[in-house]
Amino acid sequence: MDGGAFGAGKAGGAFDPQAFLRQPHTLLRLLSWVFSIVVFGSIVNEGYVNRVDDSQEHCIFNRNRNACNYGITVGVLAFLSCLLYLALDAYFPQISSVKDRKKAVLSDIGVSAFWAFLWFVGFCFLTNQWQASKAEDNPMNEGGDAARAAITFSFFSIFTWGFLTFLGFRRLRDITFQEEYNTLFPNSPSLLP
């Protein structure tokens with residue numbers, strides 16, 4: 004079963020966790036997953052403070068509830084997206100159709116680029132609101148480290164998702180090459196393992 008589409012020789016084979024974990028896109032996706040946990044976890048845990056004279060909690064980012072909501076929402080959705088695409092990456096070698104592989108990679112590229120953009124917006128928004136925060140709103144500087152962690156890991160997430168987009172384009176190039184090769188030479192064995 005050497006011939007066929009890219010990966011068709013391995014389709015239906017056993018899952019190799021070591022090979023899966025050594026792939027660059029798997030490592031980056033796991034890193035993005037951890038970064039999203041840090042962002043939403045730090046905001047949920049220490050992102051809301053209250054004054055001594057006020058019983059209502061306010062967002063640490065300039066008392067702007069939208070900043071905390073954005074950070075939590077993007078973090079949780081990125082967390083879930085990472086899990087979904089990790090599952091797709093694990094299933095990817097089982098896909099024997101070049102067209103189905105192409106669709107999976109195109110969706111990966113689109114989602115990764117979208118998340119890189121959302122993290123960029125989140126980084127800018129959280130940084131702006133943190134700079135605009137007043138010292139009298141948080142006199143004991145509670146949650147400052149958590150706010151800085153959320154901002155820092157939002158920044159790092161821009162690059163992890165951006166690099167995932169780049170790796171997706173490289174994978175698409177390989178699949179497109181294999182598709183064209185199979186069209187030109189339909190009876191020859193596959194070039195890619």
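The numbering used here applies: residue 4 is where the sequence shown begins, and numbers increase by one.
No residue lacks a Cβ here, since even glycine has one placed at the ideal position from N, Cα and C.
Small disclaimer: the values here were computed from a predicted structure and weren't measured.
- By the criterion of a C-beta distance shorter than 6 Å, Thr163 is surrounded in its chain by Leu31, Leu34 and Ser35, once the five residues flanking it on both sides are discounted.
- Annotation: Leu89 to Phe38 spans about 15 Å, alpha carbon to alpha carbon.
- Here the alpha carbon of Val47 sits roughly 29 Å from the alpha carbon of Asp92.
- With a contact defined as Cβ atoms closer than 8 Å, Phe126 and Phe158 qualify at about 5 Å.
- Between the C-alpha atoms of Asn67 and Leu170 there is a straight-line separation of about 36 Å.
- Gly50 and Asn69 have their alpha carbons spaced roughly 12 Å apart.
- If only complete runs of 3 or more residues are kept, the region 136–181 shows no beta strand (DSSP E) anywhere.
- The beta carbon of Arg174 is closer than 7 Å to those of Val108 in its chain, skipping five residues each way along the sequence.
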